[in-house]
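Accompanying notes for the structure given below.
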Amino acid sequence: MPRSAAIAGVLFGLLYGGAVLLLRLAVPDTLVERGPWLEHNADRIDWAVHLQSFAAIAFLWFVGVVRTHLGAAEDRLLGTVFVGSALLFLAAGIAAGAATSALLGAFGDIAAGGDAGGLFAYASRLAFDLHNVYALRFAGVCMLSLATLGLRSGALPRPFVFITYALAALLVFGLSHLRWLALLFPAWVLGFSVYLLLSRPPRETP
Numbered sequence: 011m012p013r014s015a016a017i018a019g020v021l022f023g024l025l026y027g028g029a030v031l032l033l034r035l036a037v038p039d040t041l042v043e044r045g046p047w048l049e050h051n052a053d054r055i056d057w058a059v060h061l062q063s064f065a066a067i068a069f070l071w072f073v074g075v076v077r078t079h080l081g082a083a084e085d086r087l088l089g090t091v092f093v094g095s096a097l098l099f100l101a102a103g104i105a106a107g108a109a110t111s112a113l114l115g116a117f118g119d120i121a122a123g124g125d126a127g128g129l130f131a132y133a134s135r136l137a138f139d140l141h142n143v144y145a146l147r148f149a150g151v152c153m154l155s156l157a158t159l160g161l162r163s164g165a166l167p168r169p170f171v172f173i174t175y176a177l178a179a180l181l182v183f184g185l186s187h188l189r190w191l192a193l194l195f196p197a198w199v200l201g202f203s204v205y206l207l208l209s210r211p212p213r214e215t216p
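Mapping of the sequence shown onto my numbering: residues 11 to 216, in sequence order.
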């Protein structure tokens with residue numbers, strides 16, 4: 011696969027992983043609880059939302075370059091599942107970011123003496139479910155389809171593919187109570203991209 015796909019994957023892994031790390035460090039387990047945690051971590055959460063938007067751009071480039079490289083060799087069914095799950099993952103992540111921004115706005119209104127408690131609870135629950143349930147499941151399907159494409163085309167070694175299947179199963183079955191599980195997908199994309207960078211491209215036959 012071309013180096014541009016690997017570079018885009020590395021950028022996504024670092025940006026999205028950084029966003030997830032910031033959120034995990036800032037947000038407590040009891041997400042709907044209002045308290046000083048949000049006042050002290052508002053800037054960190056805002057940074058995470060912005061990093062997530064740039065990560066989405068890198069991931070779109072990653073998906074596009076991978077599909078372009080596969081070309082006619084791409085299985086239409088797996089290719090459709092790969093693209094569809096990738097777009098749904100991005101949509102859920104972007105919606106979660108928007109809900110997180112609404113959460114920050116609701117907290118600002120509450121701090122100013124307004125009555126936005128209901129909006130705060132709704133936005134926090136929405137952001138949590140979009141990011142930790144739906145986005146993770148779509149990410150798992152994306153991993154499964156891309157690993158299968160790599161297996162059929164011979165671009166990925168079998169051990170890597172089987173490890174991917176096991177990791178993707180954790181995401182697909184929605185173990186949202188595992189606090190750090192969201193780091194699995196960007197870590198996988200980063201590892202996949204580093205493998206592409208280090209592997210030698212196949213020699214073209216004359």
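The C-beta atom is built at its ideal place from N, Cα and C for all residues, glycine as well.
Out of 99, 26, 183, 86, point me to the one whose CA is closest to residue 196's CA.
Among 99, 26, 183, 86, the Cα nearest to that of residue 196 belongs to 26.
Check whether the Cβ atoms of residue 158 and residue 88 lie closer than 9 Å to each other.
In contact: residue 158 and residue 88 (Cβ atoms closer than 9 Å).
Let's test the definition: count the other Cβ atoms within 10 Å of the Cβ of residue 141 and tell me whether it reaches 16, buried, or not, exposed.
Label assigned to residue 141: buried.
With three or more C-beta pairs closer than 8 Å as the rule, is the segment 129–138 touching the segment 171–182?
Not touching, per the Cβ criterion.
Can you confirm whether the segment 95–110 touches the segment 148–166 when touching is taken to mean that 3 or more C-beta pairs between the two stretches lie within less than 8 Å?
Yes, they touch.
May I have the straight-line CA-CA distance separating residue 51 from residue 57, to the nearest angstrom?
Distance between the alpha carbons of residue 51 and residue 57: 10 Å.
With 16 other CB atoms within 10 Å as the buried threshold, where does residue 23 fall?
It counts as buried.
Pick from 202, 84, 14, 191: whose alpha carbon is nearest that of residue 143?
The candidate whose alpha carbon is nearest that of residue 143 is 191.
When the distance is taken between beta carbons, is residue 161 closer than 9 Å to residue 151?
No, the pair does not count as a contact, with Cβ atoms beyond the cut-off.
As a quick exercise: from 202, 70, 31, pick the residue whose alpha carbon is nearest that of residue 167.
Checked all of 202, 70, 31; the closest Cα to residue 167 is 202.
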